[in-house]
Amino acid sequence: MPSKMQKPVLLVALGGNALIRKGQKGTLSEQFENLAVPVRQIARLSPLYKIIITHGNAPQVGSLLLQQESCPAVPKLPLEILVAQTQGWLGYMIESTLDSSLMELGVPSHPLVSLISYVVVDPTDPAFSAPTKPIGPVYRRKKDAPPGYPLVKTPKGYRRSVVSPRPVTIVEKREIRRLIGEDFIVICCGGGGIPVIREGRAFSGVDAVIDKDLASAKLAEEVGVDIFVIATDVPGAALDYGSERERFLKTVSPERAKRYLATGHFPDGSMGPKVEACIQFLKTGGKRAVITSVDAIEKGLEGSAGTQILPSIP
Ligand code: ADP
Ligand code: MG
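Take 0 as the starting number for the sequence shown in numbering that gives the first Met the number 0 and just add one per residue.
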């Protein structure tokens, strides 16, 4: 087994949508059961890698929004507070599931921590004028969605959408780097991080949700990550997704991925930011990025599943 110092740093980004499978209501027991699938794999990988876990929150932050809208007696909270809530919610779920999985494997003393994380955004980001990030439940018909937020059409159906500025820097990057150096498994940047703007030396929250894949690429750049795995609810990135001509990519170079992105194969708010995050990751020093399903994280790392984004294809 490699020594602590030689272990490469692996970043696994877990999709919020992968915690609620198609056709499920998203009860807590369903979410725990779904979560165990990627987390058991991460536990098995822990002797081989230093591990950072990030996670999405689109279904969860959307359901918190619906919960608060259904209770007029309680003052409404802005999105940054709801994102913070999902960091606690999912951080707890991931941490406790990981703890159990490590125990099952006979490595009960591996240190792990989940960290409330802020991510700085730019107040002049043009994203503030156009909501693009789908959150919450999927509605088959437009009229089924509650009012208050614009709707976007996704391959899954209609969803409410919120503004999603780009991540500029991760506030806790130094702390994360130190924890990784100490071989902690670190859960951070949940739901893309709590979006804040810098006002002098202080931070103040903004009503938005950052894409967790773009936040993960920024984190990877600032902390130093070797391999980036994006685990989601599809087997990888496909061309002509959802059509008769659909084909999943096995390997792709960043240059080619960029061309496919420009020609509309990977939409905003879902596969687009994943592919963009992988391109960004390789441009800023990452060695290999994989987009794979939550069931196939280990296979994705072995190269036998998912879409591998590689700097050069032989
Ligand atoms: P996550 O919660 O994991 O971030 P997203 O819903 O944001 O999940 O992104 C995954 C979704 O992207 C898939 O469920 C699929 O419907 C959609 N998608 C859109 N375009 C593509 C594509 N070209 N290839 C694969 N999936 C795609
Ligand atoms: Mg997403």
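Note that beta-carbon positions come from the ideal geometry of N, C-alpha and C, so glycine has one too.
request  = Taking K257 as part of the alpha helix (DSSP H), name the residues at either end of that continuous run.
outcome  = Looking up residue 257 in the sequence shown gives position 258. Where K257 is concerned, the enclosing alpha helix (DSSP H) stretches over P253 to A261.
message = What does the alpha-carbon distance come out to for the pair R197 and R20?
response = If you number the sequence shown from 1, residue 197 lands on position 198. If you number the sequence shown from 1, residue 20 lands on position 21. About 37 Å.
key: Contiguous alpha helix (DSSP H) assignments of at least 4 residues, all confined to the region 64-136   = 78-103
Reduced DSSP category for K273 - H, G, I as helix; E, B as strand; rest coil = Counting from one through the sequence shown, the residue named residue 273 turns up at place 274. Correct three-state label for K273: helix.
query = Going by DSSP, which residues form a beta bridge with K152?
reply = Taking the first residue of the sequence shown as 1, we reach residue 152 at position 153. Y157.
query = DSSP state of P146, grouped into three classes?
reply = Residue 146 sits at position 147 when you count from the first residue of the sequence shown. P146: coil per DSSP, three-state reduction.
message = Taking only three categories from DSSP, how would you classify L18?
response = Working through the sequence shown from its first residue, we reach residue 18 at position 19. Correct three-state label for L18: helix.
query = Does ligand 1 have even one heavy atom less than 7 Å from the beta-carbon of P130?
reply = Indexing the sequence shown from 1 puts residue 130 at position 131. The answer is no for P130.
Residues of its chain near V73, where Cβ-Cβ distance is below 8 Å and the 5 sequence neighbours each way are ignored = Counted from its first residue, the sequence shown places residue 73 at position 74. Q67.
query = Between V118 and G191, which are expected to be in contact by the criterion C-beta below 8 Å, what is the C-beta distance as a whole number of angstroms?
reply = The residue you call residue 118 lines up with position 119 of the sequence shown. The residue you call residue 191 lines up with position 192 of the sequence shown. Between G191 and V118 the Cβ distance is about 7 Å, and since that is below 8 Å, they are a contact.
task = Can you tell me which of F280, S113, A57 and A230 puts its alpha carbon nearest to the alpha carbon of S95?
result = The residue given as residue 95 occupies position 96 in the sequence shown. Here the closest residue by C-alpha is S113.
Best match in L300, I229 and R173 for proximity to I52 [C-alpha to C-alpha] = By 1-based counting over the sequence shown, the position of residue 52 is 53. Answer by Cα proximity: I229.
ask   = Per DSSP, what kind of secondary structure is K286 in: helix, strand or coil?
value = Indexing the sequence shown from 1 puts residue 286 at position 287. K286 falls in the coil class under three-state DSSP.
key: Where R176 falls: helix, strand or coil (DSSP)   = Numbered from 1 along the sequence shown, position 177 holds the residue referred to as residue 176. Three-state result, R176: helix.
ask   = Under 7 Å from any heavy atom of ligand 1, does the C-beta of S269 make it?
value = Position 270 of the sequence shown, counted from the start, is the residue given in the question as residue 269. At least one heavy atom of ligand 1 is nearer than 7 Å to the Cβ of S269, so yes.
ask   = Taking the beta strand (DSSP E) that R139 falls in, what are its first and last residues?
value = For the purposes of this step, residue 139 is identified with residue 140 of the sequence shown, where counting begins at 1. For R139, no beta strand (DSSP E) encloses it, and the DSSP letter there is neither H nor E.
ask   = Counting along the chain, where does the beta strand (DSSP E) carrying I41 start and finish?
value = Taking the sequence shown and counting its residues from 1, the one referred to as residue 41 is at position 42. Premise fails: I41 lies in the alpha helix (DSSP H), L27 to L44, not in any beta strand (DSSP E).
ask   = Who are the near neighbours of N56 in its chain, counting only those whose CB is closer than 6 Å to its CB and skipping five residues on each side?
value = The count along the sequence shown starts at 1 and reaches residue 56 at position 57. G15, T85 and G190.
task = Check whether the Cβ of Y240 lies closer than 7 Å to any heavy atom of ligand 1, and answer yes or no.
result = Residue mapping note: residue 240 aligns to position 241 of the sequence shown, counting from 1. Yes, since a heavy atom of ligand 1 falls inside the 7 Å radius drawn around the Cβ of Y240.
request  = Report all residues from its chain with a CB closer than 7 Å to the CB of A144; omit the five preceding and five following residues, and keep chain order.
outcome  = Walking along the sequence shown from the start, residue 144 turns up at place 145. Cβ neighbours of A144 beyond the five flanking positions: Y138, L150, Y157 and R159.
ask   = What does a CB cutoff of less than 7 Å around A42 pick up in its chain, not counting 5 residues either side in sequence?
value = The residue labelled residue 42 in the question sits at position 43 within the sequence shown. Cβ neighbours of A42 within its own chain (closer than 7 Å, five residues either side excluded): L97, S100, L101 and L104.
Straight-line gap, G241 to F247 (C-alpha atoms, nearest Å) = Here residue 241 corresponds to residue number 242 of the sequence shown, with the count starting at 1. Here residue 247 corresponds to residue number 248 of the sequence shown, with the count starting at 1. Answer to the nearest angstrom: the Cα atoms are 11 Å apart.
message = In whole angstroms, give me the CA-to-CA distance for D206 and L78.
response = One-based indexing of the sequence shown puts residue 206 at position 207. One-based indexing of the sequence shown puts residue 78 at position 79. Straight-line Cα distance between these residues: approximately 5 Å.
message = By the DSSP assignment, the beta strand (DSSP E) with S215 in it spans what residues?
response = For this step, residue 215 is matched to residue 216 along the sequence shown. From DSSP, S215 is part of no beta strand (DSSP E) but of the alpha helix (DSSP H) over K211 to V222.
message = Buried or exposed for D212, going by 16 or more other Cβ atoms inside 10 Å?
response = Counting from 1 along the sequence shown, the entry for residue 212 is found at position 213. Under this definition D212 is a buried residue.
query = Who are the near neighbours of T291 in its chain, counting only those whose CB is closer than 8 Å to its CB and skipping five residues on each side?
reply = Within the sequence shown, residue 291 is the residue found at index 292, counting from 1. Result list for T291: V228, I229, A230, T231, P234, G235, K298, G299, A304, G305 and T306, in chain order.
ask   = Where does E171 land, buried or exposed, given buried means 16+ other C-beta within 10 angstroms?
value = Along the sequence shown, read from residue 1 onward, the residue named residue 171 stands at position 172. E171 comes out buried.
message = To the nearest angstrom, how far is the alpha carbon of G90 from that of F202?
response = Position 91 of the sequence shown, counted from the start, is the residue given in the question as residue 90. Position 203 of the sequence shown, counted from the start, is the residue given in the question as residue 202. Straight-line Cα distance between these residues: approximately 22 Å.
message = Please classify D239 as buried or exposed, where buried requires at least 16 other C-beta atoms within 10 Å of its C-beta.
response = As a position in the sequence shown, residue 239 is number 240, starting the count at 1. D239 is exposed by the Cβ-count criterion.
request  = Pick out whichever of A126, G204, I209 and D124 has its Cα sitting closest to the Cα of I134.
outcome  = To locate residue 134, count along the sequence shown from 1; it is residue 135. For the residues A126, G204, I209 and D124, the minimum Cα distance to I134 belongs to I209.
message = With a threshold of 7 Å on Cβ separation, who are the neighbours of K75 within its own chain once the five nearest residues in sequence on each side are excluded?
response = Residue mapping note: residue 75 aligns to position 76 of the sequence shown, counting from 1. If we look at K75 and ignore the five residues flanking it on each side, its Cβ neighbours are Q67.
request  = Compute the Euclidean distance between the alpha carbons of Q5 and K49, then round it to the nearest angstrom.
outcome  = Position 6 of the sequence shown, counting from 1, holds the residue named residue 5. Position 50 of the sequence shown, counting from 1, holds the residue named residue 49. Spanning the two alpha carbons is a distance of roughly 9 Å.
query = Based on Cα-Cα distance, which residue from A295, R255 and P46 lies nearest to S311?
reply = What you label residue 311 is simply residue 312 of the sequence shown in a count that begins at 1. Answer by Cα proximity: R255.
request  = List the endpoints of the continuous beta strand (DSSP E) containing K24.
outcome  = Within the sequence shown, residue 24 is the residue found at index 25, counting from 1. Looking at the DSSP string, K24 is not in any beta strand (DSSP E), and its letter there is neither H nor E.
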